[in-house]
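Here the structure comes first, spelled out in structure tokens, and everything after it is commentary.
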Amino acid sequence: MTTCGDVIVVGRGPAGLLFSSLVAQNRGSVILVADAQGSFPLWGGQWDFCNYTDDGEHVLDPYQWWQQHPSAWDEVRDASTWTLRWQHLMTLWQEIGIPVPDRVPKLNRWMVTPLGQLRPTYWVANWHFVMERPGPLVFVDVPGLVDFRAEVVARVYTATTGQMAKTFRLAVPSGWRRDWHALNWAWFLDSKAGQDWLGQALRDQVRAGEEAVVFPQILGVDHCEEVLEVAQRVLGRPVAEVPLPPPAVGGIRIQRRWEYWLRRHGIQLVSARVTAANRHSVTLQDGRALAADAVVLATGGILGGGLEIQPSGSVRNTVTGAVIGTLGDQLLGAVGHRNWDESVPVIGRMIQGWNPDKRGNGGAMNLWTAHVAYQAFIGHTALAREN
Amino acid sequence: MVVVIGGGCTGLGVAWDLILRGVPVTVVEARELGSGTSGRFHGLLHSGGRYAVTDPVSAKQCRQENEVLRRIAPSAVESVGGYFVSVDDGVESYMRDWIAGTQSAGIPVTEVSVETAIRRLPGLNPRVQRAFAVADAVLKGFELLDLLRVNGERRGVTILTETRVTQVQTVNGQVSGISVRTKDGERRIPCDAVVNAAGPWAGQVAQLFGERVQMELSSGLMLIYSNRMVPSVVNRLAPPGDGDIVVPHGRTVILGTTEVPQVDPEPPEPTRESAEYLQSLGQAMFPEMNRWRILRAFVGVRPLFEGNGVVPQSRVSRDFTVVDHGRQGGLQGAFSVMGGKWTTFRLMGERTADVVVEYLHQSSPSISAHTVLEPDAPREKHSASSTICECERVSEAQLLDQMAEPFDNWRTRTWFAMGPCQGTMCAHRAVSLRMQYTDVEGGLDELTNLRRERERGVRPVAWGTNARELALTEALSCQTLAEGVAHDHLR
Ligand SMILES: Cc1cc2nc3c(=O)[nH]c(=O)nc-3n(C[C@H](O)[C@H](O)[C@H](O)COP(=O)(O)OP(=O)(O)OC[C@H]3O[C@@H](n4cnc5c(N)ncnc54)[C@H](O)[C@@H]3O)c2cc1C
Ligand SMILES: Cc1cc2nc3c(=O)[nH]c(=O)nc-3n(C[C@H](O)[C@H](O)[C@H](O)COP(=O)(O)OP(=O)(O)OC[C@H]3O[C@@H](n4cnc5c(N)ncnc54)[C@H](O)[C@@H]3O)c2cc1C
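Which chain is which? The protein sequence lines are A and B, in order.
Just so you know, we're using the working numbering here: the first sequence kicks off at 1 and counts up by one.
Just so you know, we're using the working numbering here: the second sequence kicks off at 1001 and counts up by one.
As structure tokens, this is what we get:
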């Protein structure tokens, strides 16, 4: 195994965490700097591969789609490289303690949205509800949860799939308040008392049937495996969740586990805003400067805060100050640098040409760009060492 | 019976004045009340100061109506006060004219010291030379429209929304009825007179009378900032121009406006260039304005009137015009009221009703200046109810109360999706609440329309934090909610 050098990663979103992990797995040292949590708490943590064609049609076989569609990234067409990278993510997540199956899927699967519609997705943790084809389901209504009305979800699901959908309403524990959102429920269910309560509450709902039971994503944060286990045992059938809008419990679970794993691997997390950078150092807002063999910006584009739009429409990199162009009529999530190897390398949402919102390829974007930057980085350190 | 075409402030003002005089009225509105210019204005109840030099008649009318509206509609007026501040060099002679103009129009003005102005108006350009306090106020347009609706209906006004007037029927050169189109088809409404109060569409409606009316339309852009950065109205003391008024409105402030001539009565889409231009003008008064958190841009169309083609019958001021088409040798019983402002809507209603009752051979005088518009009895509060829109604190119970309303009214009556996140976090919640009571397909379409409508105002001012917010909306609506995805093949 090669040992790589020191790197400063700016950004704690999926791209920054993955890149840092690659370096950590190869005994490099990482300083991870960010001024905020990144996007994980904003979404369920599913990694999309490619969901839609140019015309907005669903893609079922993303490997085939990438093979048939040229992109700015040459090797991106190669199915076996994709497979290797997804497999790496699989073993990494298993090591981190994010429960995933032992094989990477061959095709996209369907997930249900909080409004009961279906959309494809590719890589998800075991708690996340996915299916190969629509079948009958039971949706759970959670009192006070305005992001998920099981009755409406069920009606839309039936209208779009023609499949039966039932619902039942969860009771409320003592201490519950109407303003509880998904995280309040999840923290409560993490506790022993919460799990006991859930077991009891579900016992009243046990009915004959095989359909999977689908909850909104509230089943615990750090102990969600135990909560799911309780629900599955009592109900006697598969139980999984639909991810909700922020605060999104699924993404929070992943981020907590991932960052814990990174800390255990000696990675230093620094909370600060970066105001300047070059290839070997960054300046923090409080004036401190950090230096390393390399710097990588995983600063998340406009949404992540790595790019800033001026009133005139010009787009500026908040770290390097470089003006990278003018906003046209594209989705804001598609705005980014043309190349990853800029004056300071960029990964994740900092790069244009992927378009997670329109194409549903956000996971693939993070996976691919983190690996490309990592390959270059180890190539670079090897070269430096030879000289 | 009199038909009033147009459910903006002018049409409702005419109807209110007529019903108070005992004349039966039906208001016919093609879309919803306030969906024209009356729902897209700056929100200023003018003290008259703005027109003190350039338009003395209008200045005086504004001063009078300002007092009247405070009296008859206190719940729709917020007495925040206003300031005229001079931040430019070389306006001394205009300032002298302005002071003289306000005096002759009877507009109360109090000069305040520069220090006081800077203290009362945080962020004001420190180069301010002089400052004058006036009785500007905030006019809550949607609330006042609602007051007019409630009080009008209480006294017997019939209001038909989503009903478009398509024809005017005549017998012997006299108005005898109108044809209207609704989603259920066409029908006829007999009447004795028709008032065209169609705002920017007045030219089109006049054609139904067989008249040619030359409108001088112009559009105006406004920018909403998401915090109440200024407690009072602030006017730039200089000849009226673009970007020279800031109005606090609820938790926001609104900067306006521009004046771009146009032909189409429909407002054009706001553009980034014009938004940037407007903000740069606002910075003359508040230099840090480019750092305020911007929310959205919107455009209204001024229904100004040229006067070609017909000779105005009662040219009461440069600002509004009432035309009795019959007296001009045209259709008997057809009237048009054009121009004006929100501030003077009641006066426009009164003057229009004067000519209409004369035509109907009645003589009852106007009492609208002395009749208070009583708000609806407050709805009983539902005790326990979840919050759907956190920005504007709109609860599930409030939304349920107004559920029978068409979608856009539902929003403007409850104010959900109008705050800093512009519906990012609540649009799908509100829609799914609605879907619980309506059909599934319709609800998803409403969500798509709402997103589109919100984006139209946000996109031109997508900069700084607001751009991040829009990027979050896009990620949520495309990725988390997968809105607008077709599913036909799944069945
Ligand atoms: C609502 C939502 C739903 C999503 N749904 C899906 C989905 O269904 N499927 C999917 O595959 N993906 C989904 N995603 C993920 C999305 O597609 C992108 O892949 C992802 O957000 C990109 O992550 P990133 O690591 O590039 O940036 P981010 O996660 O945005 O991280 C940016 C990081 O950079 C830091 N930063 C920025 N500027 C500075 C600075 N100057 N100084 C210091 N730190 C800085 C920020 O603090 C943050 O930590 C979703 C994202 C969102 C927001
Ligand atoms: C940018 C801007 C800022 C302004 N700021 C202020 C301010 O701060 N203070 C102030 O006092 N004034 C202000 N004004 C002026 C004021 O808003 C307008 O004068 C006033 O709203 C006009 O109202 P209206 O009822 O005449 O027209 P509208 O409100 O446009 O009403 C006309 C109605 O007629 C309907 N209609 C059209 N055709 C038909 C048909 N065939 N059948 C049925 N219905 C039809 C339309 O749907 C519409 O609802 C502003 C104007 C603009 C443009």
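Beta carbons are placed, not taken as given, at the ideal position from N, Cα and C, and that holds for glycine.
- In this structure, the C-beta of Thr1412 (chain B) stays at least 7 Å away from each heavy atom of ligand 2.
- Separation of the CB atoms of Val1253 (chain B) and Val1247 (chain B) is rounded to 7 Å, and the pair is thereby assigned contact status at 8 Å.
- Relative to Gly333 (chain A), the option among A:Ile351, A:Thr326, A:Val346 and A:Trp340 whose CA is nearest is A:Ile351.
- In terms of side-chain proximity, the C-beta atom of Val213 (chain A) is found no nearer than 7 Å to any non-hydrogen atom of ligand 2.
- In this structure, A:Ile309 is the residue among A:Ile252, A:Asp293 and A:Ile309 with its C-alpha nearest to the C-alpha of Arg1272 (chain B).
- One alpha carbon belongs to Thr1116 (chain B), the other to Ala1135 (chain B), and they sit about 17 Å apart.
- Considering only beta carbons, the part of the segment 116-146 of chain A lying closer than 7 Å to chain B consists of Gln117, Leu118, Arg119, Pro134, Gly144 and Val146, in chain order.
- Rounded to the nearest whole angstrom, the CA to CA distance from Ala1206 (chain B) to Pro1365 (chain B) is 27 Å.
- The three-state reading of DSSP puts Phe1407 (chain B) in helix, counting H, G and I together.
- The C-beta of Leu32 (chain A) has 16 or more other C-beta atoms within 10 Å across all chains shown, which makes the residue buried.
- In this structure, Ala1353 (chain B) keeps its C-beta atom at 8 Å or more from the C-beta atom of Arg1120 (chain B).
- For Met1338 (chain B), no alpha helix (DSSP H) segment is defined; the enclosing uninterrupted segment is the beta strand (DSSP E) at Ala1334 to Gly1339.
- Closer than 8 Å to the CB of Gly1419 (chain B) there is not a single CB belonging to chain A.
- In the structure shown, Trp110 (chain A) adopts extended strand secondary structure according to DSSP, grouped into three states.
- Rounded to the nearest angstrom, the gap between the Cα atoms of Val1165 (chain B) and Val323 (chain A) is 53 Å.
- Gly353 (chain A) and Ser312 (chain A) have their alpha carbons spaced roughly 23 Å apart.
- Short of 7 Å from the beta carbon of Pro247 (chain A), and not among the five residues preceding or following it, lie these beta carbons of its own chain, in chain order: Pro41, His181, Ala182 and Leu183.
- Taken atom to atom, the span from the alpha-carbon of Trp47 (chain A) to that of Phe1416 (chain B) is near 32 Å.
- Exposure of Glu1266 (chain B) is indicated by the presence of fewer than 16 other C-beta atoms within 10 angstroms of its C-beta.
- Exposed is the label assigned to Glu1288 (chain B), since fewer than 16 other Cβ atoms lie within 10 Å of its Cβ.
- For Met1222 (chain B), the enclosing beta strand (DSSP E) begins and ends at Ser1218 to Tyr1225.
- Ile218 (chain A) has its alpha-carbon roughly 24 Å from the corresponding atom of Met164 (chain A).
- Using a CB distance below 7 Å, the part of the segment 154-165 of chain A facing chain B consists of Arg155, Val156, Ala159, Thr160, Thr161 and Gly162, ordered along the chain.
- Listed in chain order, the positions of the segment 1257-1291 of chain B with a beta carbon within less than 9 Å of a beta carbon of chain A are Arg1272, Glu1273, Ala1275, Glu1276, Gln1279, Ser1280 and Asn1290.
- As summarised for the segment 1150-1196 of chain B, the continuous beta strand (DSSP E) elements at least 3 residues long and confined to that stretch are 1158-1160, 1164-1171, 1174-1182, 1185-1190 and 1193-1196, given in chain order.
- In the assembly as shown, Gly236 (chain A) is an exposed residue. Its beta-carbon has fewer than 16 other beta-carbons within 10 Å.
- Glu308 (chain A): not part of any alpha helix (DSSP H); member of the beta strand (DSSP E) spanning Leu307 to Ile309, first to last residue.
- As for any beta strand (DSSP E) of minimum length 3 sitting wholly inside the segment 162-234 of chain A, the runs are 165-169 and 212-216, ordered along the chain.
- Chain B places no beta carbon closer than 8 Å to that of Gly45 (chain A), leaving this residue out of the contacts.
- The beta carbon of Leu115 (chain A) sits no closer than 7 Å to any heavy atom of ligand 1.
- Taken in chain order, the members of the segment 1463-1476 of chain B whose beta-carbon sits within less than 8 Å of a beta-carbon on chain A are Trp1463, Gly1464, Ala1467, Arg1468, Leu1470, Ala1471, Leu1472, Glu1474, Ala1475 and Leu1476.
- Note on geometry: alpha-carbon atoms of Gln255 (chain A) and Val1299 (chain B) lie some 43 Å from one another.
- With at least 16 other beta carbons inside 10 angstroms of its own, Glu1211 (chain B) counts as buried.
- Excluding sequence positions up to five before and after Leu1144 (chain B), its CB lies within less than 6 Å of the CB of Ala1073 and Ala1076, all in the same chain and listed in chain order.
- Here Gly348 (chain A) is buried: its Cβ has 16 or more other Cβ atoms, across all protein chains shown, within 10 Å.
- As summarised for the segment 1246-1287 of chain B, the continuous alpha helix (DSSP H) elements at least 4 residues long and confined to that stretch are 1272-1282, given in chain order.
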